[in-house]
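**Q** So the protein sequences, as listed, match chains H and C.
Reminder that position 36 of the first sequence reads as 35 in numbering that gives the first Met the number 0, one-by-one numbering, no gaps.
Reminder that position 107 of the second sequence reads as 106 in numbering that gives the first Met the number 0, one-by-one numbering, no gaps.
Don't be surprised by glycine CBs; every beta carbon is placed ideally from N, CA and C.
There are 2 protein chains.
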Amino acid sequence: MLNSYTKEDKVMLAIDCIIFGFDEEGLKILLIKRDFEPERGKWSLIGGFLKVNETLDEAASRILYTLTGVHDIYMEQFYTYSEIDRDPVERTLSVSYYALIDIERHNEELIENYNASWHSIAEVPKLIFDHDKMLDKGLKRLRRRTSIVPIGFNLLPEKFTMLQLQKLYEAILDKPLDKRNFINKINSMDILIKLNEKDMSSSTKGSFLYMFDGEKYNAKLTDNFYLKL
Amino acid sequence: MLNSYTKEDKVMLAIDCIIFGFDEEGLKILLIKRDFEPERGKWSLIGGFLKVNETLDEAASRILYTLTGVHDIYMEQFYTYSEIDRDPVERTLSVSYYALIDIERHNEELIENYNASWHSIAEVPKLIFDHDKMLDKGLKRLRRRTSIVPIGFNLLPEKFTMLQLQKLYEAILDKPLDKRNFINKINSMDILIKLNEKDMSSSTKGSFLYMFDGEKYNAKLTDNFYLKL
DNA sequence: TCAAAAGTGTTTATAATACACCCATGG
DNA sequence: CCATGGGTGTATTATAAACACTTTTGA
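#1: Alanine 115 of chain H bridges to which residues according to DSSP?
#2: Closest to tyrosine 78 of chain H by C-alpha separation, out of H/Asp84, H/Lys50, H/Leu55, would be which residue?
#3: Which chain H residues sit within Cβ distance under 7 angstroms of threonine 236 of chain C?
#4: Within the chosen definition, does the stretch 157 to 175 of chain H reach the stretch 198 to 208 of chain H through at least 3 CB pairs nearer than 8 angstroms?
#5: Find the nearest neighbour of leucine 63 of chain H within the set H/Ile100, H/Pro156, H/Ala218, judged by alpha-carbon distance.
#6: For leucine 44 of chain C, count the other beta carbons within 10 Å of its own beta carbon; 16 or more makes it buried, fewer makes it exposed. Which is it?
#7: Cutting at 7 angstroms between CB atoms, please list the residues of its own chain near histidine 130 of chain C, excluding the five before and the five after it.
#8: Taking the alpha helix (DSSP H) that serine 95 of chain H falls in, what are its first and last residues?
#9: Go ahead and pull the three-state DSSP assignment for asparagine 195 of chain H.
#10: Taking methionine 11 of chain C and glutamate 57 of chain H to be in contact with their CB atoms under 8 angstroms, please state how far apart those CB atoms are, rounded to whole angstroms.
#11: Pop quiz: phenylalanine 21 of chain H and alanine 170 of chain H are said to be a contact at Cβ under 8 angstroms. What is the actual Cβ separation, rounded to whole angstroms?
#12: For leucine 154 of chain C and glutamate 157 of chain H, what's the separation of their Cα atoms in angstroms?
#13: Is there a C-beta anywhere in chain H that falls below 8 angstroms from the one on tyrosine 4 of chain C?
#14: Assuming proline 149 of chain H and isoleucine 102 of chain H are in contact, meaning their beta carbons sit under 8 angstroms apart, how far apart are those beta carbons, in whole angstroms?
#15: Under 9 angstroms between beta-carbons, which chain H residues line up against phenylalanine 128 of chain C? List them in chain order, please.
#16: Roughly how many angstroms lie between the CA atoms of glycine 151 of chain H and tyrosine 168 of chain H, to the nearest whole one?
#17: Would a check of beta-carbon distances place valine 148 of chain C closer than 8 angstroms to chain H?
#18: Going straight from the alpha carbon of lysine 132 of chain C to that of glycine 46 of chain C, what length do you get?
#19: Buried or exposed: which applies to methionine 0 of chain H, given that a residue is buried once 16 or more other Cβ atoms fall within 10 Å of its Cβ?
#20: If you check the beta carbons only, do isoleucine 18 of chain H and alanine 98 of chain H fall under 8 angstroms apart?
Okay, here's the thing in structure tokens:
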């Protein structure tokens, strides 16, 4: 009759998050510059350690909140890294997540306090440890996911134009898309609400604003509904 | 100047493996009947604990070898589970893997010693802890992967007939496939070697045997080659 | 000679892609 | 009145799906 596994080894578990954001310039990630050793001054994903009384999702949410001041960020766990010497300080495994955030909706102050900044996905500096590998895998996962399920909306403000949405998908998939084909495809999915409101900042004519319709989307999920762009 | 993270919590990490096999009856998984508490007599995935000096892949390989006597089994990590009470004995996280094995190529004795047995995917009993959830996610992942990349060959003996291959894909994807469309698709991928050898056990006419051509496949991987069934 | 599985192409339907012009308005 | 981005539809191509008969040979 066992009531503990005390003979078994224990290890430290880190959580590292790729925080994706999107603006006019394209797809970006949030990085922090380490101000402690080892690797002081190098760039790093946002991370932290798992506490014994929380789940991985809770830890990831906590870490995201600490840095951005935002709750309920969309996120997904994607791989657990375990190379023996991946962290030179001490044996540590890392569970990696990616998160999608509306880039306008975070606490600037916090980010400054933490020495964090946004970097275009095309110009990411060398990262510490195995964070390059994480980014690579996380980005691939994001691409695959967004072309199957419309999670991309999490990167946009609540109201957005069709062109913004198209630019977002172009940024994620890293390829140009045809305007008419894109709009036809999106409309055929029937998961957007067209508002009686226009964004006048971009042109004289103004362009209609849309919202993501979570209810319609959830209703469709029951079938084998999916998006392919 | 830090040279340890000693203040941080440590946890135990289990590795649980879904071992897939395939025979005339269809897709199967290998389960063990627990002969210790808690949950004695219930069915469980094959698992073990991470040791402090090995990677997760090494631990998974070790666990697979212990039970099957086979090295170099195809496997893939797919998710890390961390609910606080997922294991009632003690706080334990579990990194889950699925593995694909030629069902004829394992050590029967070992399997018997461990109280293990094969179960058709359609008739899996209730499993302990969160192993049902793992199986569900692992199976979905296998389905998605096999319809993109031809990993299914790992479930077959070295030489196999077209019909066997088709049955395998039907079992994994859980839907009937059209014989001619299937053969055309497979042939168009050009990753099989047709042998001058026939399997005479299944019919009077006999059917040609094929082998998977790993080299051709790897050569194609460089492009954006993929299989869709 | 017949039962049982092997092998083989074409037609149809659906999905993806390519492509160009008019519209509305503020300055 | 014109410059700027907004908005719209059709034709073509590529891919997927449906479909049935002939071949072989051991019993």
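**A** Inspection of the coordinates gives the following:
#1: Alanine 115 of chain H is bridged to H/Ile31.
#2: Here the closest residue by C-alpha is H/Leu55.
#3: Residue 236 of chain C cannot be examined here, being either before or after the span of chain C that is shown, 0 to 228.
#4: Touching, yes.
#5: Ranking the options by Cα distance to leucine 63 of chain H, first place goes to H/Ile100.
#6: By the neighbour-count criterion, in which 16 or more other beta carbons inside 10 Å mark a residue as buried, leucine 44 of chain C falls on the buried side.
#7: Here the set comprises Asp15, Ser43, Leu44.
#8: For serine 95 of chain H, no alpha helix (DSSP H) encloses it; the enclosing beta strand (DSSP E) starts and ends at 91 to 99.
#9: In this structure, asparagine 195 of chain H counts as strand in the three-state DSSP scheme.
#10: About 18 angstroms separates the beta carbon of methionine 11 of chain C from that of glutamate 57 of chain H, a gap too long to meet the 8 angstroms contact definition.
#11: Indeed they touch by this definition, with Cβ atoms about 6 angstroms apart.
#12: Per the coordinates, the alpha-carbon of leucine 154 of chain C lies some 47 angstroms from the alpha-carbon of glutamate 157 of chain H.
#13: Taking Cβ atoms only, chain H reaches closer than 8 angstroms to tyrosine 4 of chain C, which makes this a yes.
#14: Rounded to the nearest angstrom, the Cβ distance from proline 149 of chain H to isoleucine 102 of chain H is 18 angstroms, too far for a contact under 8 angstroms.
#15: Correct list: empty, because the minimum Cβ distance to chain H is about 13 angstroms.
#16: Those two C-alpha atoms are separated by around 8 angstroms.
#17: Chain H contact via Cβ: absent.
#18: Distance between lysine 132 of chain C and glycine 46 of chain C, taken at the CA atoms: about 15 angstroms.
#19: Bear in mind that the predicted position of methionine 0 of chain H carries a pLDDT of just 41, short of 50, making it unreliable; the figure below should be weighed with that in mind. By the neighbour-count definition (other C-beta atoms within 10 Å, threshold 16), methionine 0 of chain H is an exposed residue.
#20: For isoleucine 18 of chain H and alanine 98 of chain H, yes; Cβs fall inside 8 angstroms.
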